[in-house]
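One structure is given here, and the rest of the page talks about it.
Residue numbers (our numbering): 52 to 193.
See the structure below:
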């Protein structure tokens, strides 16, 4: 059932080209643009940004636990990425596709995470959390 809901969410978005990356964000969020630019550059694919004032519904459709929310949710090759997930962690989960993992999340907006760098301000430590239907676990620490 969850796969059906995710498929409907992906296909109900207007005109996604094959290989496009879908990203729902809080309307007007600037840091999301910076993160999307890195994803675009790394993966060489278009990032379709949807300003979504009701992102909670989209987050629920992809199975994101409420305690892991951030400012944007992207779908890359069927895996959800919530917030400012580092590119290296994205590549690793996309290559390994661990059983039971629906996505990775960086809760909140930690300073120093991709797209949240502030010159002269020390980066915060943060965890990248893997989430799935059965559980969550720390996937990486930064």
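All C-beta atoms in this analysis are idealised placements derived from N, C-alpha and C, irrespective of residue type, glycine included. All values reported here derive from a predicted model rather than from experimental measurement.
Alpha-carbon to alpha-carbon, residue j and residue i
i           : j           : result
residue 137 : residue 166 : 9 Å
residue 89  : residue 83  : 10 Å
residue 142 : residue 85  : 18 Å
residue 77  : residue 192 : 25 Å
residue 181 : residue 131 : 10 Å
residue 172 : residue 79  : 24 Å
residue 107 : residue 170 : 31 Å
residue 63  : residue 115 : Any reading at residue 63 is ruled out, since the residue's pLDDT is 44, under 50, leaving its predicted position unreliable.
residue 81  : residue 147 : 31 Å
residue 92  : residue 185 : 33 Å
residue 66  : residue 105 : Summary for residue 66: the model assigns pLDDT 49, below 50, so the residue's position carries little reliability, and this model does not support an answer.
Distance CB(residue i)-CB(residue j) smaller than 8 Å
i           : j           : result
residue 175 : residue 163 : yes
residue 133 : residue 119 : yes
residue 72  : residue 101 : no
residue 155 : residue 177 : no
residue 103 : residue 94  : no
residue 179 : residue 140 : yes
For residue i, the nearest candidate out of the options (CA to CA)
i           : options               : result
residue 96  : 105, 155, 118 and 126 : 126
residue 70  : 107, 190 and 128      : 128
residue 187 : 75, 87 and 149        : 149
residue 135 : 147, 185, 92 and 159  : 159
Which residues DSSP lists as bridging residue i, in chain order
i           : result
residue 188 : 181
residue 132 : 125 and 155
residue 73  : 99 and 126
Residue burial classification, residue i (beta-carbon count within 10 angstroms, cutoff 16)
i           : result
residue 59  : Bear in mind that the predicted position of residue 59 carries a pLDDT of just 42, short of 50, making it unreliable; the figure below should be weighed with that in mind. Residue 59 should be labelled exposed.
residue 152 : buried
residue 121 : buried
residue 124 : buried
residue 87  : buried
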